[in-house]
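Chains as they are written, first to last, in my numbering: chain A, 2 to 115; chain B, 9 to 120.
Built from N, CA and C at the ideal position, the CB exists for glycine as well.
No experiment lies behind these values; they were computed from the predicted model shown.
Here is the structure we will look at.
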Amino acid sequence: NAGVTQTPKFRILKIGQSMTLQCTQDMNHNYMYWYRQDPGMGLKLIYYSVGAGITDKGEVPNGYNVSRSTTEDFPLRLELAAPSQTSVYFCASSYSSGGNQPQHFGDGTRLSIL
Amino acid sequence: GQQLNQSPQSMFIQEGEDVSMNCTSSSIFNTWLWYKQDPGEGPVLLIALYKAGELTSNGRLTAQFGITRKDSFLNISASIPSDVGIYFCAGPSGGSNYKLTFGKGTLLTVNP
Numbered sequence: 002n003a004g005v006t007q008t009p010k011f012r013i014l015k016i017g018q019s020m021t022l023q024c025t026q027d028m029n030h031n032y033m034y035w036y037r038q039d040p041g042m043g044l045k046l047i048y049y050s051v052g053a054g055i056t057d058k059g060e061v062p063n064g065y066n067v068s069r070s071t072t073e074d075f076p077l078r079l080e081l082a083a084p085s086q087t088s089v090y091f092c093a094s095s096y097s098s099g100g101n102q103p104q105h106f107g108d109g110t111r112l113s114i115l
Numbered sequence: 009g010q011q012l013n014q015s016p017q018s019m020f021i022q023e024g025e026d027v028s029m030n031c032t033s034s035s036i037f038n039t040w041l042w043y044k045q046d047p048g049e050g051p052v053l054l055i056a057l058y059k060a061g062e063l064t065s066n067g068r069l070t071a072q073f074g075i076t077r078k079d080s081f082l083n084i085s086a087s088i089p090s091d092v093g094i095y096f097c098a099g100p101s102g103g104s105n106y107k108l109t110f111g112k113g114t115l116l117t118v119n120p
């Protein structure tokens, strides 16, 4: 099982460029999440999805968009990259709600905006 | 929103020593989760706690759900070099069971 796969692993963007961070999971999980991790700041939820076709904002959604057309995929889109979006981005998935359903994380995408 | 405060922010210990870290909140949590993040990887769940006063072990790791439901503790006994990483506490927030709030983490360094 691959679990949660994120691509690319690293990317450098210029200010104003756009890009899509890819996330796919092969565990048939309904719930998927995007977090950003800044140094010393823990993880903050950007967007989440409770199933195909359903997405909602998390704590820090500004500057990002998501879509969920399939159960497996949950891409995160940056339309106009800004230096403040330099961060490590983690995608996660879980089978259902509840703390007893652990969130499985990918290995992250390290994004620098210059 | 709800916030989780972890302490200490970082620890430097010798191999073989025991480690204690904690997580506190001004709000009540119904579930406490402890994750570990190895360098260059995503967080991995270590222990989940569901009941006030609960004490749960996972190998050399033991975690407790505080009686007040506003804190949790993680202990690591007889530390080894592979214990190095960032330890995060987390809990469901905003009235949701699946939206997690994370603490800022405790960075653990183990000197062989």
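With 16 or more other CB atoms across the displayed protein chains lying within 10 angstroms of its CB, S87/B is buried. Taking CB atoms only, P103/A has a neighbour in chain B less than 8 Å away.
With distances taken between CA atoms, I47/A lies nearest to S68/A out of S68/A, G54/A, G41/A. In the three-state scheme derived from DSSP, where H, G and I count as helix and E and B as strand, Q86/A is classed as helix.
Taking C-beta atoms as the reference points, D108/A and Q7/A count as a pair closer than 8 Å.
With a contact defined as Cβ atoms closer than 8 Å, V118/B and E49/B miss out at about 17 Å.
Residues of chain B with a Cβ closer than 8 Å to the Cβ of F91/A are, in chain order, G50, P51. For the stretch 14-93 of chain B, the full-length beta strand (DSSP E) segments reaching 3 residues or more read 18-22, 27-33, 40-45, 51-57, 63-66, 69-73, 79-84 along the chain. By a beta-carbon distance limit of 8 Å, F20/B does not contact R77/B. Their separation comes to about 31 Å.
From the beta-carbon of K112/B, the residues of chain A found nearer than 8 Å are G41, M42, G43. Sequence-distant partners of L115/B (beyond 5 residues in either direction) whose C-beta falls short of 6 Å from its own C-beta, in its chain, are S18, I94. Taken through DSSP and simplified to helix, strand or coil, F75/A comes out as coil. For F96/B, at least one C-beta of chain A is nearer than 8 Å to its own C-beta. Between the alpha carbons of Q23/A and L79/A lies a gap of roughly 11 Å. Rounded to the nearest angstrom, the Cβ distance from K10/A to R111/A is 7 Å, consistent with a contact under 8 Å. Residues of the stretch 55-66 of chain A with a C-beta less than 8 Å from any C-beta of chain B: G59, E60, listed in chain order.
In terms of beta-carbon proximity, D27/A stays away from the interface with chain B, with every pair separated by 8 Å or more. In the DSSP annotation of this structure, the continuous segment of the beta strand (DSSP E) that includes N66/A starts and ends at 65-67. When Cβ-Cβ separations below 8 Å define contact, D108/A makes contact with chain B.
For N31/A, there is no enclosing beta strand (DSSP E), as DSSP marks it with neither H nor E.
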